[in-house]
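Contents: one structure, followed by commentary.
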Amino acid sequence: MSCKNLPKALLASVMLFLSLFSFAQDKVVSGKVTDASGAGVAGVNVTAKGSTTGTQTNPDGTYRITVPAGVNTLVFSSIGFTTQELDITGKTMLDVSLATASTSLGEVVVIGYGTAKKKDLTGAVSVISSKDFVKGQITTPEQLIAGKVAGVQITSNGGAPGAGSTIRIRGGASLNASNDPLIVIDGVPVDNSGVSGSPNPLSLINPNDIESFNILKDASAAAIYGSRASNGVIIITTKKGRSGKTRFNFNTQISAAVPVNKVDVLSANQLRDIVNNSERSAQYSPLLGDANTDWQDEIYHTAIATDNNLSITGATRNMPYRFSVGYLNQDGILRTGNLQRTSVGISLSPKFFDDHLRVDVNIKGSISKSRFANTGAIGASVFFDPTQPVYSSKTSQYMGYFEYLDPSSETGLLALSPRNPVSMLEQRNDRSTVLRSIGNIALDYKFHFLPELRANLNLGYDLSQGTGKISVNDSAAMSYKRFKDLSGVYHGGVRNHYSQYKDNAVVEFYLNYVKELKGISSRIDVTAGTGYYDFITTTINSPDYTSDATIVTSPKFNLDKPQYTLLSYYGRLNYAFNDKYLLTAAVRTDGSSRFAKDNRWGVFPSAAFAWRMSQESFLRSSNVISDLKLRLGYGVTGQQDGIGYYDYISYYNLSNNTAQYQLGNQFYNLYRPGGYYAGRKWEETTTYNVGLDYGLFNNRINGSIEVYYKKTKDLLNSIGQSAGTNFSNTIVANVGDMENRGVEFLVNADVIRQKDLTWNVSFNATYNKNEITKLTISDDPTYPGAQYGGISGGTGQTILINSVGSPRGSFYVYQQIYDKATGKPIDGLFEDRNRDGIVNDKDLYRYKNSDPRFFFGFSTGVTYRKWNAGFVMRANVGNYVYNNIFSNSGITNAIFANGFVGNASVEVLNSGLSGTKNGYSLSDYYVQNASFLRMDNINIGYSVGQVFQKRATLRLNANIQNVFVITKYKGLDPEISGGIDNNFYPRPRTFVLGANLDF
86 MSCKNLPKAL LASVMLFLSL FSFAQDKVVS GKVTDASGAG VAGVNVTAKG STTGTQTNPD
146 GTYRITVPAG VNTLVFSSIG FTTQELDITG KTMLDVSLAT ASTSLGEVVV IGYGTAKKKD
206 LTGAVSVISS KDFVKGQITT PEQLIAGKVA GVQITSNGGA PGAGSTIRIR GGASLNASND
266 PLIVIDGVPV DNSGVSGSPN PLSLINPNDI ESFNILKDAS AAAIYGSRAS NGVIIITTKK
326 GRSGKTRFNF NTQISAAVPV NKVDVLSANQ LRDIVNNSER SAQYSPLLGD ANTDWQDEIY
386 HTAIATDNNL SITGATRNMP YRFSVGYLNQ DGILRTGNLQ RTSVGISLSP KFFDDHLRVD
446 VNIKGSISKS RFANTGAIGA SVFFDPTQPV YSSKTSQYMG YFEYLDPSSE TGLLALSPRN
506 PVSMLEQRND RSTVLRSIGN IALDYKFHFL PELRANLNLG YDLSQGTGKI SVNDSAAMSY
566 KRFKDLSGVY HGGVRNHYSQ YKDNAVVEFY LNYVKELKGI SSRIDVTAGT GYYDFITTTI
626 NSPDYTSDAT IVTSPKFNLD KPQYTLLSYY GRLNYAFNDK YLLTAAVRTD GSSRFAKDNR
686 WGVFPSAAFA WRMSQESFLR SSNVISDLKL RLGYGVTGQQ DGIGYYDYIS YYNLSNNTAQ
746 YQLGNQFYNL YRPGGYYAGR KWEETTTYNV GLDYGLFNNR INGSIEVYYK KTKDLLNSIG
806 QSAGTNFSNT IVANVGDMEN RGVEFLVNAD VIRQKDLTWN VSFNATYNKN EITKLTISDD
866 PTYPGAQYGG ISGGTGQTIL INSVGSPRGS FYVYQQIYDK ATGKPIDGLF EDRNRDGIVN
926 DKDLYRYKNS DPRFFFGFST GVTYRKWNAG FVMRANVGNY VYNNIFSNSG ITNAIFANGF
986 VGNASVEVLN SGLSGTKNGY SLSDYYVQNA SFLRMDNINI GYSVGQVFQK RATLRLNANI
1046 QNVFVITKYK GLDPEISGGI DNNFYPRPRT FVLGANLDF
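Quick note on numbering: our numbering labels position 929 of the sequence shown as 1014, and the sequence is numbered without any gaps.
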């Protein structure tokens, strides 16, 4: 090389070295992440694929990440959006637009023992993610999706702190067994029955820890869960750790709950007028007082609640983590009621062996401390005399509370009179402490030599412990001198306690093989596994004590520890051809120790087919139809709840203290054999489903239409036994059949999708018709049906019946006759329907029922720059409620009671009914149309943006819950689970203020 070329060679060498050096160095990539409207998305995880390097987007959606040498792909992920992987070769600037997951066909859906893309689903599966949850003061998980899912009806069980809900998917599938869906949290099937002292088993789960709900509605989707899936399956996935820097999130809410309505009862002056002007004034007027007490005002108040939650999310090397802690303190609108819940959550998701082994550790725990208000005060406040004061100097022996007196009685109290409502609340101290922990460790291994094959081991548990104490002062009227010992000495008050423990274990193992067969344009996904489930309940039965520890009654057994086991084998095949034709086939066999050997095992198959018509050539180029899929499904599921653990054998029961046998001067408890039935087997539900998923205009409008038919056979029902054939005169056997058929409709629409303004709406509608087709071993036209649903106002009276040819829960009543001139019911006059000249129980007829024929949900949300607002509405049509408050208090007999003056609702002025005629409470007059339209929630929020020197972002929100109800029902609330309104704990209207700080 000549000297004159040396500088050029050196320069070229330096440039080559610098280029190689720069190639080997980290590089910085920045940009902005937006949604479909062009608005920035905060909190998106941005990670360098194959490394632990990551960050999150700022409040305006911008990001900046230092990418390690050799990494050429960035991964963008966030809850509610589709994950994207983008190449960054040669790029230092990269803007990303994320698609909303709810309208994305690539969204991954949890389906039980695996996942599937939304476009590949063949069953009726609904997905609700956290961005679509109901907002507000949410204390139990199921409230997050109320009104959001077609075919799923969620009815809260009242307004008490932590009160749960009745959940029904497509109407339920049983009469005497459970109609509750199976709930699976992070792979662990949970116990829905709760533990002693728990207001609601799901109230022990912090809603702030939940990321999504996947609801398996038809048997083709749910049959993989076999004998526990007859009523559908709800899969709850909790929030997990994310790659990137550590993030802290603090969410706080304060709320005030107020009573919405009261029972419209007579005022003190109205009551005085009625009594003083009655024919019985000479007897009852002297019993009136001088006060003007509104007893409902005395027992209700404005209830304050606070809810605080802190979470820490991030990753250390190859282990994403999330820790959370929450504290809820909620008063009830019924005085003295309170719930305090402390919850913790831990989620770890490490990966090992070049990501071939994924470990998921999930632990959720809570401690709930409750004081239960005495709900008997609700009814007492309706009936108690408003002319009497809360306190009286004449009743000092009862802690100074006014009570109805009878000097001739041993206790000094009038036996049949109600007790002072305020005393009932303040003198009863009913407290519980419940500990619950649900957790699992799941090991998912992708074989090195065969990466298409994965092995999954899931070890889970569901542990709960409930303890409680009930104490009542011995001077309290409600338990005054309640027990007389053998020496003739009276003892009063209550000092009882209870304990119960539940230990449920889960061991599951399955293999999953997924293979793309490109040569034949096919994809297969095969799963095969087994499961072992053990359930142990330990109940410590304690005696009934007075306040001075005198034993009133002793339990049959001090310790009760039943146990049952379930063993399962299952398999599933998913096959896709040309990404257009999809087939799913599954089978599960369950063996339960609850059944005798010959009936112990049940087999539950399912199959489904789907045709993605939008992938066909005649639709692929359509500018209108972006997705169209037809689904056909069939499956069989089972039911084992509703029976005892050992009912197939006869075992001995110890008699209680009120049924002792006397030998000489001694009384003894005796052992007696119990009834049994070895032939009992599974209830089985067969479901047929036709579904159509659709998407229009690039999925800006999307939804589904479902038509289903469910038939349950071998329903459990009580049947009589001939004398001498069993140790009981009735047994519960598989003798019934029932049908449900219905239609579901769902539509979601992004009405406006602009940078500064978005507007979305969602509407769902459900029609369900239920009919019982069999209830006896052989046809018996003389069998009226199985009566249930006890009502107050009479001994042993029931108002509901299950009968062949009628819906479940029909009202069994007399047909009231009305005065044609006034339109008022004629006291004690009913239609002689069978025309035999006598009105008796043979004239009872089936009238309406408690389940709605239609129910609807509507929600909408609007965002404008930093503001957002929305609301959720629900409606039921065709449901009826028996107004037991009216039948008890809307009668003159409620006023002129036995030796005291009671109060009545103003209904007594309208109906003129006395309440003294035979069968009056079984009149269809009290069965009222309870169809309603309810505004569940109105919310508004404002994103303040960056605070604390741009180290955090702040968001403020406010909402109102239970805003209004439009209904013809005359009671407090038309939404009554079970169809009988008997002093229902009213749902309050709640005003909520909240703040969310992310840093």
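Note that the Cβ used here is the ideal one computed from N, Cα and C, for glycine as well.
Notebook entry, point to check: Do V269 and I320 have their C-beta atoms within less than 8 Å of each other?
Noted result: Taking the first residue of the sequence shown as position 1, residue 269 is located at position 184. Taking the first residue of the sequence shown as position 1, residue 320 is located at position 235. Yes.
Checklist line | Contained beta strand (DSSP E) runs [length at least 3] in the segment 314-353, N- to C-terminal order | finding: 318-323, 332-343
Checklist line | Sequence ranges, beta strand (DSSP E) only - wholly within the segment 218-297, length at least 3 | finding: The qualifying runs are 237-241, 250-254, 267-270.
Next item on the list: Pick out whichever of D439, I463, N459, K325 has its Cα sitting closest to the Cα of D379.
Entry: Counting from 1 along the sequence shown, the entry for residue 379 is found at position 294. Among D439, I463, N459, K325, the Cα nearest to that of D379 is on I463.
Item checked: Endpoints, the alpha helix (DSSP H) within which E192 is located -> On the sequence shown, position 107 is the one that residue 192 refers to. Counting along the chain, no alpha helix (DSSP H) covers E192, and no H or E run does either.
Notebook entry, point to check: Out of V579, T638, S215, which has the shortest C-alpha to C-alpha gap to M509?
Noted result: For this step, residue 509 is matched to residue 424 along the sequence shown. Looking at the Cα atoms, V579 is the closest of the given residues.
Checklist line | Reference Q724; option with closest CA among N643, S315, G875 | finding: Taking the sequence shown and counting its residues from 1, one reaches residue 724 at position 639. Per the Cα distances, S315.
Margin query: Using 8 Å for Cβ pairs, my map puts T323 next to I295. What's the rounded Cβ distance?
Written below: Looking up residue 323 in the sequence shown gives position 238. Looking up residue 295 in the sequence shown gives position 210. Indeed they touch by this definition, with Cβ atoms about 6 Å apart.
Margin query: Closer than 8 Å is the cut-off here; do at least three beta carbon pairs connect the segment 861-878 with the segment 902-912?
Written below: Per the Cβ contact rule, the segment 861-878 is not in contact with the segment 902-912 (fewer than 3 Cβ pairs under 8 Å).
Notebook entry, point to check: What does DSSP give as the partner residues of N1024 in its beta bridges?
Noted result: If you number the sequence shown from 1, residue 1024 lands on position 939. Answer is G955, N1044, bridged to N1024.
Check: Helix or strand or just coil, what does DSSP make of P92?
Finding: Locating residue 92 in the sequence shown gives position 7, counting from the first residue. At P92, the pLDDT of 41 sits below 50, so the modelled position is not reliable and the matter cannot be decided from this model.
Note to self: Spatial neighbours of A109 within its chain, please: C-beta separation below 7 Å, excluding the five flanking residues on both sides.
What the structure shows: Residue mapping note: residue 109 aligns to position 24 of the sequence shown, counting from 1. With a pLDDT of 45 at A109, under the threshold of 50, the predicted position of this residue should be treated as unreliable, though the coordinate-derived value follows. So the qualifying residues of the chain are A154.
Note to self: Which of the three DSSP states is assigned to M86 in this structure?
What the structure shows: In the sequence shown, counting from the first residue as 1, residue 86 sits at position 1. Legend: pLDDT at M86 = 46, less than 50; position of this residue unreliable, value from coordinates given subsequently. Residue state, collapsed to three classes: coil.
Item checked: Spatial distance of N354 from D470 (CA atoms) -> Working through the sequence shown from its first residue, we reach residue 354 at position 269. Working through the sequence shown from its first residue, we reach residue 470 at position 385. Computed Cα separation, rounded: 11 Å.
Check: Helix, strand or coil: which one does DSSP assign to G311?
Finding: Residue mapping note: residue 311 aligns to position 226 of the sequence shown, counting from 1. Correct three-state label for G311: helix.
Next item on the list: Please determine, among D1021, T138, Y546, S935, the residue with the shortest C-alpha to C-alpha distance to N968.
Entry: Taking the first residue of the sequence shown as 1, we reach residue 968 at position 883. Among D1021, T138, Y546, S935, the Cα nearest to that of N968 belongs to S935.
Notebook entry, point to check: With distances taken between CB atoms, is the gap from T177 to N157 smaller than 8 Å?
Noted result: Here residue 177 refers to the residue found at position 92 of the sequence shown. Here residue 157 refers to the residue found at position 72 of the sequence shown. No.
Note to self: Please state the DSSP three-state secondary structure of G1063.
What the structure shows: The residue labelled residue 1063 in the question sits at position 978 within the sequence shown. Correct three-state label for G1063: coil.
Notebook entry, point to check: Going along the chain, which residues of its own chain have a beta-carbon closer than 6 Å to the beta-carbon of D416, five neighbours each way excluded?
Noted result: In the sequence shown, the residue the question calls residue 416 occupies position 331. Hits under 6 Å: A388, I389, N423.
Item checked: alpha helix (DSSP H) segment containing I384, residue limits -> For the purposes of this step, residue 384 is taken as residue 299 along the sequence shown, with counting starting at 1. Under the DSSP assignment, I384 falls in the alpha helix (DSSP H) whose first and last residues are 380-384.
Margin query: Does the segment 948-968 come into contact with the segment 450-467, if we say contact requires no fewer than three beta-carbon pairs (one atom in each stretch) closer than 8 Å?
Written below: no
Note to self: Helix, strand or coil, according to DSSP, for M484 in the structure here?
What the structure shows: Start at 1 with the first residue of the sequence shown, and residue 484 comes out as number 399. Of the three classes helix, strand and coil, the one that applies to M484 here is coil, per DSSP.
Next item on the list: Count the C-beta pairs between the segment 850-864 and the segment 891-901 that are closer than 8 Å, then say yes if the count reaches three, no if not.
Entry: yes
Next item on the list: Determine the extent of the alpha helix (DSSP H) in which S466 is found, giving its start and end residues.
Entry: Start at 1 with the first residue of the sequence shown, and residue 466 comes out as number 381. S466 -> alpha helix (DSSP H) spans 461-468.
Margin query: Counting beta carbon pairs with one atom in the segment 398-414 and one in the segment 250-260, are three or more of them shorter than 8 Å?
Written below: In short, these stretches do not touch, since the Cβ pair count stays below three.
Item checked: Helix, strand or coil at D491 according to DSSP, with G and I counted as helix -> Stepping through the sequence shown from its first residue, residue 491 is reached at position 406. Coil.
Item checked: Separation of L715 from N778, as counted between CA atoms -> Locating residue 778 in the sequence shown gives position 693, where the first residue counts as 1. Locating residue 715 in the sequence shown gives position 630, where the first residue counts as 1. Rather than Asn, the amino acid found at residue 778 in this sequence is Asp. The alpha-carbon atoms of D778 and L715 are separated by roughly 7 Å.
Margin query: Between the segment 226-242 and the segment 389-406, can you find at least three pairs of beta-carbon atoms closer than 8 Å?
Written below: Segments in contact, no.
Notebook entry, point to check: Can at least three beta-carbon pairs, one atom from the segment 365-380 and one from the segment 287-301, be found at a separation below 8 Å?
Noted result: no
Next item on the list: Please report the residue range of the alpha helix (DSSP H) in which E829 lies.
Entry: Working through the sequence shown from its first residue, we reach residue 829 at position 744. Boundaries around E829 are those of the beta strand (DSSP E), 815-838, since no alpha helix (DSSP H) includes it.
Notebook entry, point to check: Whose C-alpha, out of N264, G524, Y897, is nearest the C-alpha of I290?
Noted result: Locating residue 290 in the sequence shown gives position 205, counting from the first residue. Checking every option, the nearest Cα to that of I290 belongs to G524.
Note to self: Taking the beta carbon of L96 as the centre, do at least 16 other beta carbons fall within 10 Å, making it buried, or is it exposed?
What the structure shows: Numbered from its first residue, the sequence shown carries residue 96 at position 11. Summary for L96: the model assigns pLDDT 43, below 50, so the residue's position carries little reliability, and this model does not support an answer.
Next item on the list: Look at the alpha carbon of V1077 and the alpha carbon of F166, and state the distance between them as a whole number of angstroms.
Entry: Here residue 1077 corresponds to residue number 992 of the sequence shown, with the count starting at 1. Here residue 166 corresponds to residue number 81 of the sequence shown, with the count starting at 1. Taking the straight line from one Cα to the other gives about 28 Å.
Margin query: Quick check on the burial criterion: 16 or more other C-beta atoms within 10 angstroms. Buried or exposed for R1103?
Written below: Within the shown structure, residues of the chain are numbered from 86 to 1084, placing residue 1103 beyond reach of any answer.
Notebook entry, point to check: What's the C-alpha gap between A527 and K665?
Noted result: The residue you call residue 527 lines up with position 442 of the sequence shown. The residue you call residue 665 lines up with position 580 of the sequence shown. Looking at the two C-alpha atoms, the distance is approximately 33 Å.
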